[in-house]
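Protein chains in written order, with our numbering: chain V, 2 to 251; chain W, 275 to 534.
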């Protein structure tokens, strides 16, 4: 279980997150939606301390950090319980697909080479890249790179995987293959927090949808509730802008 | 000037000059070692923006990049012992080589510092975040992710640096060091065949520069094997075709590693 309690964060004078509390149960898929600048990516990056929250409390599993007095070892431990999939993939460019997945297993988890290799090969096969083990990222398409990124996150066996707009940098025809992989791991019951603009994906994968605007959570609920029967005016506005009217008359 | 030109002298001078090649290479190697060490010491406070040290590093860079190496040699050789005498250190008996390697080392350090800073900055920040997100320590992220890629980026600049240093060592003769240029002066004076000695000298410098450059290209190819490369046939005519950051950076710098 992941519990964020009263997380606040500001860049200089600009307050990006205001007392955000969010609980994600084990096996749950939570999708965060919101206009750009609403703080959703910042919130996600606070969970593994890539952004340092100003105040609040983060609990992952049985490990709890008070952000005001987090020590280096706390941050390291927090990061070792989470994994992240980035918008720009951020693969290690000097390592092959296989080495990318193995890296943290060898360096962070200190697993034997043979075992790390076995696990990594299995994961890459799972994301459909069994034939690309020894390719460098520069030779892979965006969709393939992102699937390596997902395998790399899975390898850590984290309590939660954080997806930061995993398909935003992809060509439209490559989005499907990545979403399909995320969908299949969601079905396995891996806890996920996903920031995305893919409404269709949010609708059929999310257990819960969180709508953020202006650094606060405006509304949260099941996909049906939020998409079909939004309560807040801001949510309605956002959904109107982002989902085109279905019944055109041409 | 001197005796009439005779090509056979060029060939007879070659082995005599090569006798002193060791001295030249020793200056190059010693200075590189010092220079890279100094470069790291100077680059770190600039990369991590450490208040006072950063300013000092800036002054160091301005001095060594903004004054001629010849003047630096004189200042260190004649000036340093005088200053150290004041604090009771007697350097007047130290070998010339000590001053030569010290000066060239510090000079190279200034360019090496900028090379290191630019190369590390060129590795994209996202990969460091990915390393942190996977639970690596800052040291692990630097040594396993940033350093190998920064090294590859640094190679072309480093190549220029080494070749510039090699050529600069020819000024060490002004302090009386018998390296290749010093030896050439002596041979010229003895035989009056100046043009031939300098021709032989130029050939040797050219040969070494060429070899070093080729070696470093091989090193670069090895270090950048993860990047897409054009096919072999194209690479023969490789003239600034790759628009990668690395080649652009190597092209910008005039003479040696200076990227501002």
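Where a beta carbon is used, it is the ideal one built from N, C-alpha and C, also for glycine. From a predicted model like this one, the values you see are computed outputs, not experimental measurements.
Here the alpha carbons of residue 224 (chain V) and residue 207 (chain V) stand approximately 7 angstroms from one another. The three-state reading of DSSP puts residue 22 (chain V) in strand, counting E and B together.
Taken in chain order, the members of the segment 392-412 of chain W whose beta-carbon sits within less than 7 angstroms of a beta-carbon on chain V are 400, 401, 403, 404, 406, 407, 408, 409, 410, 411.
By the C-beta criterion, the segment 463-483 of chain W is judged not to be in contact with the segment 374-382 of chain W, since fewer than 3 inter-stretch pairs fall below 8 angstroms. For residue 83 (chain V), the secondary structure class from DSSP, reduced to helix, strand or coil, is strand.
Contact annotation: the segment 25-39 of chain V touches the segment 209-221 of chain V, with at least three C-beta pairs closer than 8 angstroms. Residues of the segment 412-445 of chain W with a C-beta less than 8 angstroms from any C-beta of chain V: 414, 418, 419, 422, 423, 426, listed in chain order.
By a beta-carbon distance limit of 8 angstroms, residue 197 (chain V) contacts residue 32 (chain V). Their separation comes to about 6 angstroms.
Neighbours of residue 193 (chain V) across chain W, judged by C-beta separation under 8 angstroms, do not exist; the nearest C-beta is about 15 angstroms away. DSSP, reduced to helix, strand and coil, places residue 336 (chain W) within a helical segment of the structure shown. The Cβ neighbour count for residue 373 (chain W), taken over all protein chains shown within 10 Å, is at least 16; the residue is labelled buried. In the DSSP assignment, residue 196 (chain V) forms a beta bridge with V:33, V:165.
For residue 501 (chain W), the residues of chain V that pass the 7 angstroms Cβ criterion are 139, in the order they occur in the chain. Following the DSSP letters along the chain, one finds residue 4 (chain V) inside the beta strand (DSSP E) bounded by residues 3-12. Boundaries of the alpha helix (DSSP H) around residue 399 (chain W): 399-407.
Excluding residues up to 5 positions away in sequence, nothing lies with its Cβ nearer than 6 angstroms to the Cβ of residue 119 (chain V) in the same chain. Contact check for residue 366 (chain W) against residue 306 (chain W) fails: the beta carbons are separated by 8 angstroms or more. Interface flag for residue 84 (chain V) against chain W is set, since a Cβ pair is found closer than 8 angstroms. The C-beta separation of residue 438 (chain W) from residue 393 (chain W) comes to about 17 angstroms, leaving the pair out of contact by the 8 angstroms criterion. For a Cβ distance threshold of 9 angstroms, nothing in chain W lies close to residue 130 (chain V): the least Cβ distance comes to about 17 angstroms. Residue contact check for residue 81 (chain V) against chain W: a CB pair falls below 8 angstroms. With respect to the C-alpha of residue 283 (chain W), the residue from W:501, W:473, W:493 having the closest C-alpha is W:473. Along the segment 150-173 of chain V, going in chain order, the ones with a CB nearer than 7 angstroms to a CB of chain W are 157. DSSP, reduced to helix, strand and coil, places residue 232 (chain V) outside both helices and strands of the structure shown, so it counts as coil. Linking residue 221 (chain V) to residue 17 (chain V) through their CA atoms gives a straight-line distance of about 19 angstroms.
The segment 139-151 of chain V and the segment 38-49 of chain V do not touch, with fewer than 3 CB-CB distances between them shorter than 8 angstroms. When the five nearest sequence neighbours on each side are left out, the beta carbons in the same chain lying within less than 8 angstroms of the beta carbon of residue 420 (chain W) are those of 394, 397, 401, 402, in order along the chain. For residue 34 (chain V), the closest alpha carbon among the candidates V:203, V:241, V:234, V:229 is that of V:203. Uninterrupted beta strand (DSSP E) stretches at least 3 residues long and entirely within the segment 109-169 of chain V occur at 161-165, given in chain order. The beta carbon of residue 66 (chain V) does not come within 8 angstroms of any beta carbon belonging to chain W, so the residue lies off that interface.
For the 8 angstroms CB-CB criterion, residue 88 (chain V) and residue 165 (chain V) form a contact. DSSP places residue 393 (chain W) within a helical segment (H, G or I) once states are collapsed to three. For residue 53 (chain V), the three-state secondary structure derived from DSSP is coil. Following the DSSP letters along the chain, one finds residue 427 (chain W) inside the alpha helix (DSSP H) bounded by residues 421-442. Within the segment 276-350 of chain W, complete alpha helix (DSSP H) segments of at least 4 residues are found at 281-292, 295-321, 325-340, 343-348, given in chain order. By the C-beta criterion, the segment 329-338 of chain W is judged not to be in contact with the segment 352-366 of chain W, since fewer than 3 inter-stretch pairs fall below 8 angstroms.
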